[in-house]
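A short worksheet on the structure shown next.
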Amino acid sequence: MGTRERLLENGAALFAAKGFHGVGVEELGESVGLTGPSMYRHFRTKGALLAEMLITVSQSLLEGATEVIEENLDPEQTLAALIERHIDFAINFPDLIRVHERDFGNLEEEDARQVRRLQRRYVELWVDQIQLARKNETPETARTMAHAVFGLLNSTPRLRSNQKRNDVAKPMIDMARRALLS
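One gets this note's numbering by counting positions in the sequence shown from 1 and adding 123 to each.
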């Protein structure tokens, strides 16, 4: 993993723990063995680091959902696969969920618009699949259902149980499937 990728990973952990404004450039640089100003060789600003972090994760979710849909499974199987992809993301990247929830407002306007565009496309893929699986749902209801499932699955970083995160995946997947498919 290169320095840029390590800055993204360590930056997510630091921002998740301390918030965007609680982390300085020196700390970001030190997290990968650089002086703070050396970070600017990889990102023009701390905000650019945050933007790449959130844009990249939004693109990744969209690309993963597109891959699932291109498998041409039946609608219920597609929704099940979308749920599994999303819980995998939520379990493996809890810091990015925390950063998005807390620090999205620190993005520059154009970066925020780009993240929102990617997220809307992601949601609409889910809406289409929900409507295919549940024939009588309106787009508005399907969108509400998708957002509710995202809320459930994205709650994994806040779990305070003694269970390992992977032990949480099965009940979360089961609840999301029941919400969308029953």
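Here a beta-carbon is modelled for each residue, glycine too, at the ideal position from N, C-alpha and C. Nothing here was measured: the structure is a model prediction, and the numbers come from that model.
Proximity winner among Leu-130, Glu-247 and Thr-126, relative to Ala-188 (alpha-carbon distances): Glu-247
Rounded Cβ spacing between Glu-199 and Ala-292 (contact assumed at less than 8 Å): About 19 Å separates the beta carbons of Glu-199 and Ala-292, which is beyond the 8 Å limit, so they are not a contact pair.
Sufficient close CB pairs (3 or more, under 8 Å) joining the region 156 to 170 to the region 126 to 146: Pairwise C-beta distances place the region 156 to 170 in contact with the region 126 to 146, as three or more of them are shorter than 8 Å.
Contacts around Val-191, its chain only, beta-carbon distance under 7 Å, and the 5 residues preceding and following it disregarded: Thr-201, Ala-204, Leu-205 and Arg-208
Straight-line Cα distance separating Tyr-245 from Ile-210: 15 Å
Where Phe-212 sits in the DSSP three-state scheme: Phe-212: helix per DSSP, three-state reduction.
Residue of Leu-137, Val-238, Met-298 and Thr-279 minimising C-alpha distance to Phe-212: Nearest option by C-alpha distance: Thr-279.
When Asn-229, Val-222 and Leu-303 are compared against Gln-254, the one with the closest alpha-carbon: Leu-303
Ala-271 burial status per 10 Å Cβ neighbour count (16 or more: buried): Its Cβ having fewer than 16 others within 10 Å, Ala-271 is exposed.
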